[in-house]
Amino acid sequence: MQFSTVSLGLESPEVVARFAGHYLAAGAKRVTVFHDGPLPEGWPAPREGLEVIACDDAFWAAQGGRPEALEDRQAAVYAVGLARCPSPWMLAADLDEFVFGETSIAAFLAAVPEACDAVRIPVAEAVWGPGDDPGEPWGSSYFRLPWRSGRLWRLGGRLVYGDVARFMRAGLLGHVDGKQFIRTGRAYSRIGNINTRRDGVVVTRTARELGPGCQGLYLGHFDAIGFERWSTKWRLRQARLAVNMSAAREAQMAMILAALDAGEPEARRVFRRFFGISRAQHAVLAALGCCFRRRLFD
Numbered sequence: 004m005q006f007s008t009v010s011l012g013l014e015s016p017e018v019v020a021r022f023a024g025h026y027l028a029a030g031a032k033r034v035t036v037f038h039d040g041p042l043p044e045g046w047p048a049p050r051e052g053l054e055v056i057a058c059d060d061a062f063w064a065a066q067g068g069r070p071e072a073l074e075d076r077q078a079a080v081y082a083v084g085l086a087r088c089p090s091p092w093m094l095a096a097d098l099d100e101f102v103f104g105e106t107s108i109a110a111f112l113a114a115v116p117e118a119c120d121a122v123r124i125p126v127a128e129a130v131w132g133p134g135d136d137p138g139e140p141w142g143s144s145y146f147r148l149p150w151r152s153g154r155l156w157r158l159g160g161r162l163v164y165g166d167v168a169r170f171m172r173a174g175l176l177g178h179v180d181g182k183q184f185i186r187t188g189r190a191y192s193r194i195g196n197i198n199t200r201r202d203g204v205v206v207t208r209t210a211r212e213l214g215p216g217c218q219g220l221y222l223g224h225f226d227a228i229g230f231e232r233w234s235t236k237w238r239l240r241q242a243r244l245a246v247n248m249s250a251a252r253e254a255q256m257a258m259i260l261a262a263l264d265a266g267e268p269e270a271r272r273v274f275r276r277f278f279g280i281s282r283a284q285h286a287v288l289a290a291l292g293c294c295f296r297r298r299l300f301d
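Structure, rendered in C-alpha cells:
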C-alpha cells in the first residue's frame, strides 16, 4: 500500500535529506516538505522523490493568508498536501520523526480496515543510553515509550527521573500521542497533528484500537537530534507561536531557555539530564516495557 509524506518545518538541508532518505527507502512515493518561510539562498536541489515548497508570502497569499499559530499553519499545509498527494495514504509528520518497526509501512497500511479514514501510530522518544555517545548527533539508539498507567507514572516517575519528571508527560519530554496516516480522496474538515476531523468529529483511530493486525510500527521522535540542533530548535520555538503547548512543555521550554542563556556548560548539563538515561534507568524502564534499543542510523 503506497504512501507519501507531508511536513512543515524549518530544518536544515541535511535534516531534510535524512528525513527524505529514510522515507523513500521505506517506500514513500513522494516526500513533500513545506519550508516555513522563504527558502534560504543556496538551498540544494532536491533529490528524486523529494519536493521542497517555500511557504513564502506568495504561497500564503494563495491560501488566503498566513495563520499566526504553528498548529494552524500545519493544518493548512496538510490540507494542501492531501489535495495533491499521489498516494492512497499520507503521513503527516515533523522532520524529526521517523516511522520504523517490525513490519513495513506498506504491510501496516494494507491491514487497516477500509472504513478507517486515519490511523495514529504510537510514539517512541529517542534518547542516549549505555553505549551511546551523547556528543554524536543522531547517535541516540534507545527509545522510551509513554508509561501505560497514569497512576504508576505519578507514583514512580520521580523515582526514575528525579526532578526531570516534572517536565515530562507520561515519561516523555516530547508529545505522547504519536502521528497519523490519513487516507487520501476523502473529505475532511481539518487535519491536525494528532487527529483528523470530518464535520468536527474525530475520525482518527489509534493503531491499538484496530487490533493485532495493525501493530508493530513506532513513530521515532528525535526531539533532540544533537546538542547544537537542540539549542537552535528551542531558540526557534521561542519565536514560533504554538497555542496548544502543554504545561509540562512550557516549563521545559523555560528551563531550556534559561540554561541556554546561562551558557554552553549549563545547557549541555540540562541536555544530558533530559535526553540521557543511565544503565539503572534503562533497566527499570525496560522492565516496565517502556524502553527498548534500536539503532536507526549508522
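Using our numbering, the letters of the sequence shown correspond one by one to residues 4 to 301.
For glycine and all other residues, C-beta sits at the position ideal for the given N, C-alpha and C.
Keep in mind it's a predicted model, so treat the numbers as computed, not measured.
Does the distance from the CB of Y191 to the CB of D120 come in under 9 Å? yes
Label V204 either buried or exposed according to how many other C-beta atoms from any shown protein chain fall within 10 Å of its C-beta, with 16 as the threshold for buried. exposed
DSSP three-state label for R123, please. strand
Helix, strand or coil at R147 according to DSSP, with G and I counted as helix: strand
Restricting to Cα atoms, I'd like to know which of R272, I280 and R238 is closest to V163. I280
Is the distance from the Cβ of L98 to the Cβ of E14 below 9 Å? yes
Going by C-alpha to C-alpha distance, which of E100, P268 and P91 sits closest to H178? E100
What do you reckon, are the CB atoms on V34 and I56 nearer than 9 Å? no
Could you give the uninterrupted runs of the alpha helix (DSSP H) lying entirely in the segment 142 to 190, keeping only those of 4 residues or more? 153 to 164
E269 to Y145 span [Cα, whole Å]: 24 Å
When you measure from the CB of I124 to every non-hydrogen atom of the ligand NAD, does any distance come out below 8 Å? Among the components of this structure there are no ligands whatsoever, and the ligand NAD is therefore not found.
Is the beta carbon of V115 closer than 9 Å to that of V122? yes
Count the other CB atoms within 10 Å of the CB of A254; is the residue buried (16 or more) or exposed (fewer)? exposed
In angstroms with no decimal places, state the Cα-to-Cα distance between S90 and A290. 40 Å
Cut-off 6 Å between Cβ atoms - residues of its own chain near A29, not counting five sequence neighbours on either side: I108
Assuming I228 is part of the alpha helix (DSSP H), what are its boundary residues? Element bounds for I228: n/a, residue is neither H nor E.
Using CA atoms only, rank isn't needed, just tell me which of R240, F22 and M258 is closest to R271. M258
Counting along the chain, where does the alpha helix (DSSP H) carrying R33 start and finish? Taken as a continuous stretch (DSSP letters only), R33 belongs to no alpha helix (DSSP H), as it is neither H nor E.
Give the secondary structure of L220 by DSSP, where H, G and I count as helix, E and B as strand, and everything else as coil. strand
Boundaries of the beta strand (DSSP E) in which V93 is found, first to last residue: The question names Val, but residue 93 is Met in the sequence shown. Start and end: W92 to A95.
Alpha-carbon to alpha-carbon, F225 and W237: 14 Å
Report the rounded CA-to-CA distance for A2 versus Q66, giving the unit in angstroms. No answer is possible for residue 2: the residues shown for the chain start at 4 and end at 301.
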